[in-house]
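See structure below.
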Amino acid sequence: MDIEAPGETYDAVIVGAGFSGLYMLHKLRGMGLSARIYEAGTGVGGTWYWNRYPGARVDIESQEYSYSFSPELDEEWIWSERYATQPELLRYLNHVADRFDLRADIQLQTRVAAAHFDEGSNRWAITTNRAETITARHCIMATGCLSVMNEPAFPGADSFEGPSWHTGRWPREGVDFKGQRVAVIGTGSSAIQSIPHIAAEAAHVTIFQRTPNFSVPAHNGPIDPAVAKDWADNRAVRRAEARETGFGIRGVGQTERLAGEASADEQRAAYEERWAIGGFALLGAFADITADLSANQTAVDFVGSKIRSIVKDPVTAEKLTPRTFPIGSKRLCVDTGYYDTFNRDNVSLVDLVDEPIEAIVPTGVRTASATYEADAIVYAIGFDAMTGALGKIDIQGRGGATLRDAWAAGPRTYLGLMVAGFPNLFVVTGPGSPSVLCNMAVAIEQHVEWISDCIAWMGQRQLGTIEATDAAQDEWVAHVNEVAEPTIFPLANSWYMGANVPGKPRVFMPYIGGFPVYRDKCNEVAANGYEGFTVSSDAR
Ligand code: FAD
Ligand code: NAP
């Protein structure tokens, strides 16, 4: 298409003002480029702007889940808790926007509807829901892996007489559950964090569980002063250590030891020690938990025994015990009092395996066995992950080819950063990169820095376009699959696999080869003159 009468024009348009978009804008501005963010929400913060449900907090230790690019920022921001709450994280991201004076180049309440590449000018034309068309050399999608809700498609959902909310679009003013009978559908991380809070307030909570999940205690609290001091004294070293771990998290404390090398008592002792530490540490107890099913089973059995020791009613404990997928093959949940909540008199569990939901009715939720009356419904049913936000934008590359068609059988990228046929379109934490399998603060910084280095390299050589070759992309996609195939990850019906959204292709989307391996590959590609990419000169 030819762009006629374009509106504003920039070196780069960035879509999304979350963790990724904010840093991307700061980086490009620092390079002297013009850039503008378009963000659908009324504020910055992305995930931490939208997900305001009670109990929402990070599940990686606060100081690790933060930007490392500015030592001054790092020093001045003091986290109050081991796992920061959503309000604190949102304050942090707003502070970042102010501190680096980003707001002038962020346009809020603006949804990007389309992005079309114009082969005549080698520029992207970006159209918003305000009927603006902006042109830019580069289009950077910082649209988030978990920003598009899995919509409740239950028959009769519109007939419900009370209020209902998705955890990912929680009202800013909060929700008063006092005296209410609340139905919560879903038992993923969002449900597991919010249920204890809702149960503490509501008259009754009925939890509708399709698949029980593994959850480990957070042991949240104020940051241990010794940990805070160590972090303050050794910030750069600790950050570098995190970047050398497979998941970008120091707290996992990975060992070399294999589960099979330990006796049953030693296994139990290792798991107890990790359970007492809390969070993802459990998965680091043995090196083969995520690689070998029999090793994995030892961790499954341990968590099952913990559930049975906490939940007093054996029938409920049994229903809460996961048996259908390996631990870690779905994102591990990190909770505060989740299993204990089932000992409360005002909490009941409905197992949807026994009695699937048939419909939402005006007064509640009807399953195959009963109607459960409710005054309010909480949909904690997750997201159209990794590809959802890009799929909602009409993205057209060379020859008018659409990204939707290119990804019809599942996403295909080179390094999770670019897509063949879509020049100068970058994706932050795209499918095919470690992204959601990593501490995302680490994954995001690496991507933003790679993208800005790439754009700087193009500028130095006066290049007009860069794009992934089909061959490099095919090879990378094959590698992503090959690395995932022998692991436990493809064995679960997880959102990593697209299995939570009806009709979505089942493909393991993130890269499981480990953050350091991936980063080194990206660096090598760049050092070799962006191997696997083709470029064109900026003749226009
Ligand atoms: P987001 O924060 O999702 O921001 C993307 C932004 O793009 C959104 O504001 C959205 O409105 C905007 N957008 C999307 N499409 C458009 C469009 N077409 N037009 C305009 N704007 C658009 N990760 C961790 O590592 N540790 C955690 O503990 C953790 N906890 C999480 C808890 C919850 C409840 C959720 C949902 C996710 C969590 N994550 C966690 C993942 C989290 O998404 C990332 O850590 C990180 O915040 C992602 O930042 P982002 O900027 O890439 O995406
Ligand atoms: P999720 O993990 O996808 O969980 C959604 C839940 O809803 C699952 O229990 C799912 O059951 C259920 N569900 C979906 N559709 C359903 C249907 N039609 N009928 C009945 N049940 C249905 O979503 P999430 O809890 O929002 O978490 C998504 C991701 O966000 C997490 O994995 C994590 O990466 C991030 N997150 C992190 C935190 C944190 O601790 N910091 C908190 C929240 C979210 P099935 O399992 O059977 O599909």
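In the numbering used here, the protein residues as written are 36 to 575.
Every residue gets a Cβ at the ideal spot worked out from N, C-alpha and C, and that includes glycine.
At least one heavy atom of ligand 1 lies closer than 7 Å to the C-beta of ARG146. Here DSSP, grouped into helix, strand and coil, assigns ALA394 to strand. Closer than 7 Å to some heavy atom of ligand 1: that does not describe the Cβ of PHE315. A contact is defined here as three or more CB-CB pairs under 8 Å, and the segment 266 to 284 meets this definition with respect to the segment 540 to 550. Scanning the segment 245 to 324 from its first residue to its last, the whole beta strand (DSSP E) runs of 3-plus residues come out as 250 to 252. Scanning its chain for C-beta atoms nearer than 6 Å, with the 5 sequence neighbours on each side dropped, one finds around GLY445 the residues PRO540, VAL542, in chain order. For ILE479, the CB falls within less than 7 Å of some heavy atom of ligand 1.
Rounded to the nearest angstrom, the gap between the Cα atoms of ASP109 and ALA263 is 12 Å.
The alpha-carbon of MET184 is positioned some 43 Å away from that of GLU296. With a threshold of 7 Å, the Cβ atom of THR82 counts as near ligand 1, since some heavy atom of the ligand is closer than that.
At least one heavy atom of ligand 1 sits closer than 7 Å to the Cβ of THR178. DSSP places THR402 inside the beta strand (DSSP E), whose first and last residues are 399 to 402. By the criterion of at least three beta-carbon pairs nearer than 8 Å, the segment 194 to 204 is not in contact with the segment 53 to 73. Less than 8 Å separates the beta-carbon of CYS174 from that of ALA150. Closer than 7 Å to some heavy atom of ligand 2: that does not describe the Cβ of GLY281. Taking all protein chains in view, the Cβ of SER340 is surrounded by fewer than 16 other Cβ atoms within 10 Å, so the residue is classified as exposed. Using a 10 angstroms sphere on the CB of ASP300, the tally of other CB atoms stays under 16, which defines it as exposed. Residue pairing for ILE175: DSSP places it in a beta bridge opposite ILE49, PHE461.
THR202 sits in a helix when the DSSP states are folded into three classes.
Bounds of the beta strand (DSSP E) holding THR500 are 498 to 503. Counted as a single uninterrupted DSSP element, the alpha helix (DSSP H) harbouring TYR374 occupies residues 373 to 376. Taking C-beta separations shorter than 6 Å and ignoring five residues to either side along the sequence, the partners of SER55 in its chain run ALA177, VAL463, ILE479, following chain order. One thing to note: ALA218 has its Cβ within 8 Å of the Cβ of PHE243. Fully enclosed beta strand (DSSP E) runs of no fewer than 3 residues occupy 406 to 408, 411 to 414, 429 to 431 of the segment 402 to 445, in order along the chain. Counting along the chain, the unbroken beta strand (DSSP E) around CYS368 starts and ends at 368 to 370. For ligand 2, a non-hydrogen atom lies closer than 7 Å to the CB of SER224. With a contact defined as Cβ atoms closer than 8 Å, GLU291 and ALA322 qualify at about 6 Å.
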